[in-house]
Amino acid sequence: MKEGIHPNYVAARVTCICGNEFTTKSTIGDIRLEICSECHPFYTGRQKVIDTAGRIDRFNQRFQRSVDIKAGKTQTS
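Heads up: the sequence shown begins at 0 in numbering that gives the first Met the number 0, then just goes up one per residue.
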């Protein structure tokens with residue numbers, strides 16, 4: 000391998016906005032994160048459930064209206 004072409008691989012302290020800190024190796028140095036495994040909902044078990052039922056119901060209503068219009072059941076204004 001050639002000498003002097005590889006970046007410095009040093010110990011880096013990673014800091015999350017939740018306050019969690021850990022040490023790893025990196026060519027960058029200190030790293031700041033917005034989210035880590037200590038505060039991410041997937042890892043903490045506090046997942047937010049998205050209400051997709053409301054979206055599906057609205058889609059089905061719109062779809063049914065278009066079917067009714069094509070069948071001549073409903074008058075359009």
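Virtual Cβ for every residue (Gly too), placed ideally from N, Cα, C.
Self-check item: Residues that Ala11 bridges to, as DSSP identifies them
Solution: One-based indexing of the sequence shown puts residue 11 at position 12. According to DSSP, Ala11 bridges with Thr23.
Practice problem: Give the range of the beta strand (DSSP E) segment to which Ile30 is assigned. | Solution: As a working note, residue 30 is residue 31 in the sequence shown. Start and end: Ile30 to Leu32.
Quiz item: Do the region 25–34 and the region 1–11 meet, that is, are 3 or more Cβ pairs less than 8 Å apart?
Solution: yes
Practice problem: Can you tell me which of the three DSSP states Arg57 falls into? | Solution: Reading the sequence shown from its first residue, position 58 is the one you call residue 57. Helix at Arg57.
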